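For reference, each letter of the sequence shown is one residue, going 9 to 176 in my numbering.
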Amino acid sequence: MDVKLVKWTEELKDGLIEVCNNTDRTYLTDRLPYPYTREDADWWLEEVVGKHDGKDGIFRAVVADGKIVGNITVEGKSGIYVKDAELGYIFDKRYCGRGIATAATGLVLEEAYRALDIVKISSEVFAPNIASCRVLEKNGFALEGVLRSAAYKNGKIYDLRRYGKLKD
Numbered sequence: 009m010d011v012k013l014v015k016w017t018e019e020l021k022d023g024l025i026e027v028c029n030n031t032d033r034t035y036l037t038d039r040l041p042y043p044y045t046r047e048d049a050d051w052w053l054e055e056v057v058g059k060h061d062g063k064d065g066i067f068r069a070v071v072a073d074g075k076i077v078g079n080i081t082v083e084g085k086s087g088i089y090v091k092d093a094e095l096g097y098i099f100d101k102r103y104c105g106r107g108i109a110t111a112a113t114g115l116v117l118e119e120a121y122r123a124l125d126i127v128k129i130s131s132e133v134f135a136p137n138i139a140s141c142r143v144l145e146k147n148g149f150a151l152e153g154v155l156r157s158a159a160y161k162n163g164k165i166y167d168l169r170r171y172g173k174l175k176d
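Below you can see the structure in the form of structure tokens.
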């Protein structure tokens, strides 16, 4: 499967909406609205394309065999964490389990370390989300610790697994 990352543009808005409305939300932050509307997409595209992409973050559409199947980001932090950035991604659940997330993560790591003034990329994953843990581990992330009872979602408290990868 051919996986590549492309910069988000206004022309890709329908793909963004489709991905956001077809992602598995079991272990997803509540920041992502549902249903995801054209207005949500307009706001997000203005933020990432106009203000942040390439400056303090990398925001990419994940394209597999010519179709937008996900969104992957590396967002810079601030203050004493300014040399660290947070990796996040979502995928259309119809395309999960095919190695796309692993490939896309490898691609975005290369781009982020080249473009951003950072020394580390971190990610926090709901402990039961074994698939995301494996994506990170396959890309050289090390488990740095477990944040006990750190997340609350749908009436349940979860541990978070914190991963990090230092710039080579």
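We put the CB at the ideal spot given by N, CA and C, even for glycine.
Remember, it's a predicted structure, so these values are computed and weren't measured experimentally.
Integer-rounded CB distance, given that residue j should sit under 8 Å from residue i
i	j	result
residue 124	residue 173	Between residue 173 and residue 124 the Cβ distance is about 13 Å, and since that is not below 8 Å, they are no contact.
residue 154	residue 98	With a Cβ gap of about 23 Å, residue 154 and residue 98 do not count as contacting.
residue 56	residue 16	6 Å
residue 135	residue 167	4 Å
Per-residue burial, residue i [other beta carbons within 10 Å of its own, 16 or more giving buried]
i	result
residue 37	exposed
residue 23	buried
residue 113	buried
residue 79	buried
residue 157	exposed
residue 65	buried
residue 88	exposed
residue 45	exposed
residue 34	exposed
residue 68	buried
Beta-carbon spacing of residue i, residue j below 8 Å
i	j	result
residue 53	residue 18	yes
residue 129	residue 120	yes
residue 13	residue 115	yes
residue 32	residue 73	no
residue 126	residue 93	yes
residue 49	residue 21	yes
Own chain residues within Cβ distance below 7 Å of residue i, not counting five before or after
i	result
residue 110	143, 146, 147
residue 141	133, 169
residue 151	169, 171
Contact set for residue i: own chain, Cβ-Cβ below 8 Å, skip 5 residues either direction
i	result
residue 30	100, 101, 102
Residue i at chain C interface by Cβ criterion, 8 Å
i	result
residue 66	Any reference to chain C falls outside this structure, which holds one protein chain only.
Sequence-distant residues of the same chain with beta carbon closer than 6 Å to residue i, five excluded per side
i	result
residue 175	121, 127
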